[in-house]
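Inspection log for the structure reproduced underneath, given as structure tokens.
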Amino acid sequence: AASYPFYGAHQSGIVTAAQDRLHFASFDVPDIDRGELIELLRDWTLAAARMTEGLGAGPVGAVGGAYDAPPDDTGEALDLPASGLTITFGFGPTLFEDADGNDRFGLAGRRPTELIDLPHFAGDALVPAQSDGDLCIQACSDDPQVAVHAIRNLSRIAFGRAALRWSQLGFGRTSSTTRAQVTTRNLFGFKDGTANVKAEDTTQVGEHVFAPGGDSQAWMAGGSYLVARKIRMTIETWDRASLREQERVIGRTKGEGAPLSGGTEFTAVDLDTTAASGSPTIDKAAHVRLAHPDHNAGALLLRRGYNFVDGNDDLGRLNAGLFFICFQRDPRSQFVAVQSSLAGSDAMNEYVRHVGSAIFAVPPGANRGGFVGESLFA
Ligand code: HEM
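The opening residue of the sequence shown carries number 3 in the numbering used here; numbering runs sequentially from there.
Here you go:
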């Protein structure tokens with residue numbers, strides 16, 4: 003895929019076929035006023051639209067402008083194509099009302115009820131410096147340099163108006179979001195994204211991913227809600243677990259990714275089958291059982307996460323895991339419902355630790371000539 007349109011009814015980077023690489027960034031907005039916030043979103047929109055076409059962040063470019071001024075593009079993507087770049091913007095709860103209850107931008111009355119402060123889940127070990135934020139940008143591309151270039155230039159453009167709070171690089175998508183894509187693997191070595199909501203499932207996408215105008219805030223019509231969780235995997239422990247234990251934890255085979263209830267990769271998971279011994283073929287604590295819609299009042303998620311390795315710790319253990327991202331119409335009945343099932347009981351909990359968490363309202367797509375999030379300020 004060469005390039006995806008930036009403008010449209012929905013932002014790109016949600017049902018877009020998941021690219022190979024991620025640079026996700028969360029920003030704090032300092033003491034600026036509403037007009038300056040709107041100007042930032044206008045500037046970000048113009049730069050993002052250009053970069054998704056494979057152009058420089060600004061109209062002059064990395065070279066060719068005034069010799070005595072800094073260029074309006076940083077240059078590291080000069081010779082690279084768009085590489086499937088999508089740039090997706092989101093608004094955190096603290097943009098509407100900060101931690102001290104201040105309504106800095108006159109937006110408190112427009113906070114969607116779906117944009118909750120996520121509850122504490124059993125086992126959470128969240129690090130504030132890797133959590134939350136007023137604004138987010140998800141940049142996905144098939145070339146890591148293109149994704150990093152996008153975040154770098156948008157941070158540069160935001161100077162004095164939004165400051166990077168935390169950012170995360172990801173590689174190896176852990177979900178497919180279209181039927182044409184093969185299922186790739188997470189760092190546990192299992193296929194991830196088999197039972198995902200896919201772009202072709204237009205009824206599910208319409209009902210479970212994008213917000214209709216009739217939900218809590220009409221300005222969010224065509225938007226979605228993003229939940230990100232930085233999940234550290236204790237892979238050294240996992241790597242000492244038997245194959246039998248690994249498959250029990252997931253509830254699928256490691257090779258084919260087939261449900262332990264039988265069939266091949268895309269055979270539906272059957273939670274009711276039992277082995278000759280009488281015990282369920284899919285363990286009571288298996289991840290796919292507890293995450294399954296039948297276990298969570300029909301909750302569905304569009305998962306779009308990435309693997310990460312952030313170097314290693316002092317004990318020589320890789321700081322590795324899964325940067326989980328999901329999109330949904332209402333986090334209360336979707337992410338929170340599923341994560342509540344997983345938090346206490348998932349057999350996988352022995353091997354993972356949630357260290358970062360954030361939630362954002364992802365507004366609908368921008369119109370050409372307009373800016374992303376415009377309906378919020380209308
Ligand atoms: C399914 C891995 C965290 C929700 C799966 C599958 C794997 C997997 C291998 C089976 C293949 C598939 O259908 O995609 C992981 C790993 C995680 C993780 C390694 C953390 C490091 C989460 C979290 C959630 C979640 C935090 C949501 C709160 C789901 C759902 C399914 C699933 C909804 C599909 C279940 C079904 O309908 O069969 N996951 N997962 N996962 N996971 Fe996770």
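Ideal placement from N, C-alpha and C gives every residue a C-beta, glycine not left out.
- As DSSP reads the structure, F310 sits in a beta bridge with G323.
- The alpha-carbon separation between E267 and G10 amounts to approximately 34 angstroms.
- For I89, the uninterrupted beta strand (DSSP E) run begins and ends at T88 to F93, by DSSP.
- For T180, the CB contacts under 7 angstroms within the same chain, skipping 5 residues up- and downstream, are A19, K200, A201 and E202 in chain order.
- Taking the Cβ of D312 as the reference point, every heavy atom of the ligand HEM lies at 6 angstroms or farther away.
- H12 counts as buried, since no fewer than 16 other beta carbons sit within 10 angstroms of its beta carbon.
- Inter-residue distance for D145 and T186 is about 17 angstroms (C-alpha atoms, whole angstroms).
- By a beta-carbon distance limit of 8 angstroms, F93 does not contact A50. Their separation comes to about 15 angstroms.
- Of the residues assessed, A278 falls on the exposed side of the cut-off, its CB having fewer than 16 other CB atoms within 10 angstroms.
- The closest heavy atom of the ligand HEM lies 6 angstroms or more from the beta carbon of Q206.
- Within the DSSP bridge table, the entry for I139 names A27 and F91 as partners.
- Between I159 and W46 the beta-carbon gap is near 7 angstroms, inside 8 angstroms, which marks them as a contact.
- V357 has its alpha-carbon roughly 13 angstroms from the corresponding atom of A345.
- With a 10 Å radius around the Cβ and a threshold of 16 neighbouring Cβ atoms, D194 comes out buried.
- Under the three-state reduction of DSSP, S335 is assigned to coil, being neither helix nor strand.
- The beta carbon of W221 is closer than 6 angstroms to those of S377 and L378 in its chain, skipping five residues each way along the sequence.
- In this chain, the alpha helix (DSSP H) harbouring W240 covers I237 to W240.
- Taking the CA atoms as reference points, A164 sits about 45 angstroms from E258.
- Taken in chain order, the whole beta strand (DSSP E) runs of length 3 or more contained in the segment 178 to 247 are 226 to 235.
- G37 sits in a helix when the DSSP states are folded into three classes.
- Within 6 angstroms of the C-beta of F29 there is not a single heavy atom belonging to the ligand HEM.
- Here W240 is near Y353, since their CB atoms are less than 7 angstroms apart.
- Contact annotation, R306 with S177: C-beta distance approximately 5 angstroms; criterion of less than 8 angstroms satisfied.
- If you look at Q13, you'll find it isn't in any alpha helix (DSSP H); DSSP assigns it neither H nor E.
- Taking C-beta separations shorter than 7 angstroms and ignoring five residues to either side along the sequence, the partners of G191 in its chain run K256, following chain order.
- Using a cutoff of 6 angstroms, the CB of A220 does not count as near the ligand HEM, since none of the ligand's heavy atoms is closer than that.
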